[in-house]
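Chemist:
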Amino acid sequence: MRMSEPDAAVIARRSEIAERLREIVPGEGVIVDEHELKAYETDGLTAYRQVPMIVVLPDTTEQVSRVLRYCRENRIKVVPRGAGTSLSGGALPLADGIVLGLGKFNRILEIDYDNRAVVAQTGVTNLAITEAVRERGFYYAPDPSSQIVCTIGGNVAENAGGIHCLKYGLTANNILGVEMVLMGGEIIRLGGKHLDAGGYDLLGLMTGSEGLLGVITEVTVCILQAPETARAMLIGFPSNEAAGDCVARIIAAGIIPGGLEMMDGPAIRAAEEFVHAGYPLDVEALLIVELDGPEAEVEHLVGRVEALARERGAVSVRVSTSEAERLNFWAGRKAAFPAIGRISPDYYCMDGTIPRHRMPEVLSRIAEMSKTYGLRVANVFHAGDGNLHPLILYDANQPGELDKAEAFGADILRLCVEVGGVLTGEHGVGVEKRDLMGIMFTEDDLNQQQRLKCAFDSEGLLNPGKMFPTLHRCAELGRVHVHRGQVRFPDLPRF
Numbered sequence: 010m011r012m013s014e015p016d017a018a019v020i021a022r023r024s025e026i027a028e029r030l031r032e033i034v035p036g037e038g039v040i041v042d043e044h045e046l047k048a049y050e051t052d053g054l055t056a057y058r059q060v061p062m063i064v065v066l067p068d069t070t071e072q073v074s075r076v077l078r079y080c081r082e083n084r085i086k087v088v089p090r091g092a093g094t095s096l097s098g099g100a101l102p103l104a105d106g107i108v109l110g111l112g113k114f115n116r117i118l119e120i121d122y123d124n125r126a127v128v129a130q131t132g133v134t135n136l137a138i139t140e141a142v143r144e145r146g147f148y149y150a151p152d153p154s155s156q157i158v159c160t161i162g163g164n165v166a167e168n169a170g171g172i173h174c175l176k177y178g179l180t181a182n183n184i185l186g187v188e189m190v191l192m193g194g195e196i197i198r199l200g201g202k203h204l205d206a207g208g209y210d211l212l213g214l215m216t217g218s219e220g221l222l223g224v225i226t227e228v229t230v231c232i233l234q235a236p237e238t239a240r241a242m243l244i245g246f247p248s249n250e251a252a253g254d255c256v257a258r259i260i261a262a263g264i265i266p267g268g269l270e271m272m273d274g275p276a277i278r279a280a281e282e283f284v285h286a287g288y289p290l291d292v293e294a295l296l297i298v299e300l301d302g303p304e305a306e307v308e309h310l311v312g313r314v315e316a317l318a319r320e321r322g323a324v325s326v327r328v329s330t331s332e333a334e335r336l337n338f339w340a341g342r343k344a345a346f347p348a349i350g351r352i353s354p355d356y357y358c359m360d361g362t363i364p365r366h367r368m369p370e371v372l373s374r375i376a377e378m379s380k381t382y383g384l385r386v387a388n389v390f391h392a393g394d395g396n397l398h399p400l401i402l403y404d405a406n407q408p409g410e411l412d413k414a415e416a417f418g419a420d421i422l423r424l425c426v427e428v429g430g431v432l433t434g435e436h437g438v439g440v441e442k443r444d445l446m447g448i449m450f451t452e453d454d455l456n457q458q459q460r461l462k463c464a465f466d467s468e469g470l471l472n473p474g475k476m477f478p479t480l481h482r483c484a485e486l487g488r489v490h491v492h493r494g495q496v497r498f499p500d501l502p503r504f
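The opening position of the sequence shown corresponds to residue 10 in the numbering used here, with each subsequent residue numbered one higher.
1) Flag this pair as touching only if the region 125-132 and the region 472-482 have three or more C-beta atom pairs under 8 Å; answer yes or no.
2) Going residue by residue through the region 36-108, where are the continuous beta strand (DSSP E) segments of at least 3 residues, counting only ones entirely within it?
3) How far does the beta strand (DSSP E) with M272 in it reach, from first residue to last?
4) Taking the CB atoms as reference points, tell me whether P89 and L103 lie closer together than 8 Å.
5) According to the neighbour-count rule (16 or more other Cβ atoms, all chains shown, within 10 Å of its Cβ), is S218 buried or exposed?
6) How would you write the range of the alpha helix (DSSP H) that N164 sits in, first residue to last?
7) Taking a contact to mean a Cβ-Cβ separation below 8 Å, would you say S97 touches G437 in this structure?
8) Mind checking who D121 pairs with in its DSSP beta bridge?
9) Thinking T160 and A92 are a contact (beta carbons under 8 Å), I'd like their distance in whole angstroms, please.
10) Using only alpha-carbon positions, find the residue among G171, Y357 and L222 that is nearest to W339.
11) Per DSSP, what kind of secondary structure is Q458 in: helix, strand or coil?
12) Along the chain, where does the alpha helix (DSSP H) containing G245 start, and where does it finish?
13) Look up F283 in the DSSP assignment and say whether it is helix, strand or coil.
14) Determine the direct distance from the alpha carbon of G341 to that of P153, and round the result to whole angstroms.
15) Take the Cβ of N406 as the centre, count every other Cβ of all protein chains shown within 10 Å, and call the residue buried at 16 or more, exposed below.
16) Express the C-alpha separation of G409 and L296 in angstroms, rounding to a whole number.
17) Using only the alpha-carbon positions, how far apart do E28 and F147 sit?
18) Whole angstroms are fine: how far does the CA of I63 sit from the CA of M10?
19) Residues bridged to P399 by DSSP?
20) For A169 versus L411, is the C-beta spacing smaller than 8 Å?
21) Are R365 and V311 close, meaning C-beta to C-beta below 8 Å?
22) Give, in chain order, every unbroken run of the beta strand (DSSP E) that is at least 3 residues long and sits entirely within the region 319-358.
23) Using 10 angstroms around the beta-carbon of E308, count the other beta-carbons present and answer buried if the total reaches 16, otherwise exposed.
24) Need the endpoints of the beta strand (DSSP E) that D301 sits in, please.
25) Can you name the start and end residues of the beta strand (DSSP E) that E200 belongs to?
26) Which one or two residues does DSSP pair with G361 in a beta bridge?
27) Would you mind reading off the limits of the beta strand (DSSP E) that contains G186?
28) What separation, rounded to the nearest whole angstrom, lies between the Cα atoms of A376 and D52?
29) Checking 8 Å against the spacing of the C-beta atoms, do A392 and D273 come in under that value?
30) Return the chain-ordered list of same chain residues with a C-beta closer than 8 Å to the C-beta of V292, the five sequence neighbours on each side being excluded.
31) Using the beta-carbon count (16 or more within 10 Å), is G106 buried or exposed?
32) Take V224 and list the residues in its own chain whose beta-carbon comes closer than 7 Å to its own, dropping the five residues that flank it on each side.
33) Our contact map puts M215 next to L222 with C-beta atoms below 8 Å; I'd like the distance itself, whole angstroms only.
34) Buried or exposed, going by whether 16 or more other CB atoms sit within 10 Å of the CB of L501?
35) Taking the alpha-carbon positions, what's the E468 to R84 distance?
36) Report the three-state DSSP secondary structure of V431 (helix, strand or coil).
Dropping the structure here:
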C-alpha cells in the first residue's frame, strides 16, 4: 500500500523525541522497545503492517494537548489509535510518526438518566456503555460486531453502525457532544447534553473524520430505554437473490425492523459450527429480522413479515420464543467474522453500501466475480440499510492471493458506486479505500474536503496518508483556520 516517504531527519531524532515525550507522559507511557512496538504495527486490516517510530500512552487530556503541541512545533506525524479494530487501516502507523494510544481513557464519567445521556472517555468500549445502564432498563443503540472491544472514540471516528442501525441510526445519530484536542494542542468542546447546537455542524463533521481533524478524548452519547418486547426471526431462502428481494419488500411495506441482517450459505454454515445458534443448514441465504416495540405491535409485524417472506419463496421461518433464544439468534451473526476463520486461513472484509432494491443484482454479480477471481466469498451484512460486508477468502501464504483479493475487493466497491451506492458504510476509508476515492468524488470534491482538513491541521501531521489519494499543501487550497471552534474560509464573510 502506497504511503508517504518516511522523514529521515525525524527518524534520526527518535531518541530526543522519546525523551521529550517522557517529560510529558512519565513512567511507562512512552514505548520505544522494538518488541513492544510490534503490538501496534497493525490494526484490523492485518494485511498491512508498519512498526511505528514511538508509541505514547497519555492518560489525561492535558497530556494529549501537550503531546500534540510538541509534535506540531517539531513537525512530527501523529496516528491516533483506540482499540486498533479499524478494518480500513485507519490506525496503520508510520515509520516516522508516533502512535497516540488512548487505551487509558477508559472511564465512564457520568450517567445522567434524566437527560438520557452518558459521558464516557474515548477508550471506553461500546458494550461497556450498555452494560453500565442495563440495570435501569436502558442501552446504547449502535452495536458493531466488535462492540466488546471497539471503543466509543473509534466509533465516532469511523461513524460505526451495527445490527440496530437501521431503526436507531449510526453513531452520528446517537452522540450529543465530544471533547477533542486539535493538532496545535487546543482543547475544544462540541455539543453537550442538548440535542442540537447553533452554528456549523462541527460535531457532524467530526463524526466519521477518521482521526484526520483532531483527537477525541471524551464523548457524550444518548441512551435509549429498552423496548417492551423484542422478537427475532430466522428466515431461510433457497437463494441470495430471493432473500435480497425480501429485504426490499419488507422496507417497501413500511416495516422498519430493529435489525435486518443477511448471511449466505458459507457464512451460515461457518457461524452454526462455531456458535450452534440453531441456524438452518439446508438454505442458501438467511435473514435475521428483529421486531421490537409494544407486544401487540410486535406480534402483528411478525405475521406481516412472515407473509412477505413466504411470498418471496422462504422455505423456513422460526421465531424466538424467549429472550435467551433471541440473543442466541444474534450470537451467530455477531460471531460470523471470527467463524469464517474456521474455513479460510485469511479473509478480506469489504464494506460498501448500495440501494436496497439493487441487492439481488449486486449479489449475483459478486458471485460472478468470485468465479472470475477464483476466490470464495461469504456474505454477511446489514441488509436493511444496504451495507454489504462480503468476506473474500484467501490464503496469504499462497503467492499472489492477497493481490487477487484486493483487486476483487476493489471491483466490489466500484460496483457499489456504479449502482448508486457509496464506498463505505461504517468501516471508513483509511488506506484501504483511499485510492478509490476518485471513482466517487471529483477533484473539486476532494479539494473541498481537504480544505476542511487544512482548517484543523494545516501542516498535515494528523493521521497522514489516510483517506485522500493525492495530498495538496494547504497553501495551494487557500488559507483556512479555526477560531474559537469555528471554521474560517478565505472566500466566506468573517464572523
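Think of the CB as a built atom: it goes at the ideal place given N, C-alpha and C, for glycine as much as any other residue.
Modeler: The structure says:
1) Contact check between the region 125-132 and the region 472-482: fewer than three CB pairs, one atom from each, fall below 8 Å, which does not count as touching.
2) The region 36-108 contains these whole beta strand (DSSP E) runs: 63-65 and 86-90.
3) Walking along the sequence shown from the start, residue 272 turns up at place 263. Per DSSP, the continuous beta strand (DSSP E) segment holding M272 begins and ends at G268 to D273.
4) On the sequence shown, position 80 is the one that residue 89 refers to. On the sequence shown, position 94 is the one that residue 103 refers to. Annotated as distal: P89 and L103, with beta-carbon spacing of 8 Å or more.
5) Translated into positions along the sequence shown, residue 218 becomes position 209. Counting Cβ neighbours within 10 Å, S218 comes out buried, since at least 16 surround it.
6) In the sequence shown, residue 164 corresponds to position 155, counting from 1. Start and end: I161 to E167.
7) As a first step, residue 97 must be located in the sequence shown, where it is residue number 88. As a first step, residue 437 must be located in the sequence shown, where it is residue number 428. Against a cut-off of 8 Å, the Cβ pair of G437 and S97 comes out as a contact.
8) Looking up residue 121 in the sequence shown gives position 112. Its beta-bridge partners are A126.
9) The residue you call residue 160 lines up with position 151 of the sequence shown. The residue you call residue 92 lines up with position 83 of the sequence shown. With a contact defined as Cβ atoms closer than 8 Å, T160 and A92 qualify at about 5 Å.
10) The residue given as residue 339 occupies position 330 in the sequence shown. Taking each of G171, Y357 and L222 in turn and checking the Cα distance to W339, the smallest one comes out for G171.
11) Indexing the sequence shown from 1 puts residue 458 at position 449. Here Q458 sits in helix by DSSP.
12) Residue numbering aside, residue 245 sits at position 236 when the sequence shown is read from its first letter. Run containing G245: none in the alpha helix (DSSP H); it sits in the beta strand (DSSP E), T238 to F246.
13) As a working note, residue 283 is residue 274 in the sequence shown. DSSP, reduced to helix, strand and coil, places F283 within a helical segment of the structure shown.
14) The residue you call residue 153 lines up with position 144 of the sequence shown. The residue you call residue 341 lines up with position 332 of the sequence shown. The straight-line gap separating the alpha-carbon atoms of P153 and G341 is approximately 14 Å.
15) As a working note, residue 406 is residue 397 in the sequence shown. Around the beta-carbon of N406, fewer than 16 other beta-carbon atoms lie within 10 Å, marking it exposed.
16) Locating residue 296 in the sequence shown gives position 287, where the first residue counts as 1. Locating residue 409 in the sequence shown gives position 400, where the first residue counts as 1. In this structure, the CA atom of L296 is about 34 Å from the CA atom of G409.
17) Taking the first residue of the sequence shown as 1, we reach residue 28 at position 19. Taking the first residue of the sequence shown as 1, we reach residue 147 at position 138. Distance between the alpha carbons of E28 and F147 is about 46 Å.
18) Counting from 1 along the sequence shown, the entry for residue 10 is found at position 1. Counting from 1 along the sequence shown, the entry for residue 63 is found at position 54. For M10, the pLDDT reaches just 42, beneath the cut-off of 50, and the residue's location in the model is therefore unreliable, although a value from the coordinates is still provided. Straight-line Cα distance between these residues: approximately 21 Å.
19) Here residue 399 refers to the residue found at position 390 when the sequence shown is read from its first residue. Under DSSP, P399 takes part in a beta bridge, and its partners are N388.
20) In the sequence shown, the residue the question calls residue 169 occupies position 160. In the sequence shown, the residue the question calls residue 411 occupies position 402. Taking 8 Å as the Cβ cut-off, A169 and L411 do not qualify as a contacting pair.
21) Position 356 of the sequence shown holds residue 365. Position 302 of the sequence shown holds residue 311. With contacts defined as CB atoms closer than 8 Å, R365 and V311 fail to qualify as a contacting pair.
22) Those beta strand (DSSP E) runs which fall completely within the region 319-358 and span 3+ residues are 325-328 and 355-358.
23) As a working mapping, residue 308 is identified with position 299 in the sequence shown. So E308 counts as exposed.
24) Position 292 of the sequence shown holds residue 301. Its beta strand (DSSP E) spans residues A294 to G302.
25) Counted from its first residue, the sequence shown places residue 200 at position 191. Residue identity differs from the one stated: residue 200 is Gly in this sequence, not Glu. It spans I196 to G200 - the beta strand (DSSP E) in which G200 sits, taken as one unbroken run.
26) On the sequence shown, residue 361 is found 352 positions in, with the first residue counted as 1. Paired residue(s): L397.
27) If you number the sequence shown from 1, residue 186 lands on position 177. Residue range I184 to V190 is occupied by the beta strand (DSSP E) that includes G186.
28) Mapped onto the sequence shown, residue 376 falls at position 367. Mapped onto the sequence shown, residue 52 falls at position 43. Spanning the two alpha carbons is a distance of roughly 28 Å.
29) Along the sequence shown, one-based indexing puts residue 392 at 383. Along the sequence shown, one-based indexing puts residue 273 at 264. No, they are not a contact pair.
30) Here the question's residue 292 lines up with position 283 in the sequence shown. So the list reads G245, F246, P247, G274, I277, V324 and S325, once near-sequence residues are dropped.
31) Here residue 106 refers to the residue found at position 97 when the sequence shown is read from its first residue. G106 comes out buried.
32) Start at 1 with the first residue of the sequence shown, and residue 224 comes out as number 215. Excluding positions up to five away in sequence, the list reads V73, L77, P89, L109, M189 and V190.
33) Within the sequence shown, residue 215 is the residue found at index 206, counting from 1. Within the sequence shown, residue 222 is the residue found at index 213, counting from 1. Taking the Cβ atoms as the reference, M215 lies roughly 6 Å from L222, within the contact range of under 8 Å.
34) Reading the sequence shown from its first residue, position 492 is the one you call residue 501. Per-residue confidence for L501 stands at a pLDDT of 38, beneath the threshold of 50, marking its modelled position as unreliable; the derived number appears in the next sentence. Label assigned to L501: exposed.
35) Taking the sequence shown and counting its residues from 1, the one referred to as residue 468 is at position 459. Taking the sequence shown and counting its residues from 1, the one referred to as residue 84 is at position 75. In a straight line, the C-alpha of E468 is about 8 Å away from that of R84.
36) As a first step, residue 431 is located in the sequence shown; it is residue number 422 there, counting from the start. Looking at V431 - three-state DSSP - the assignment turns out to be strand.
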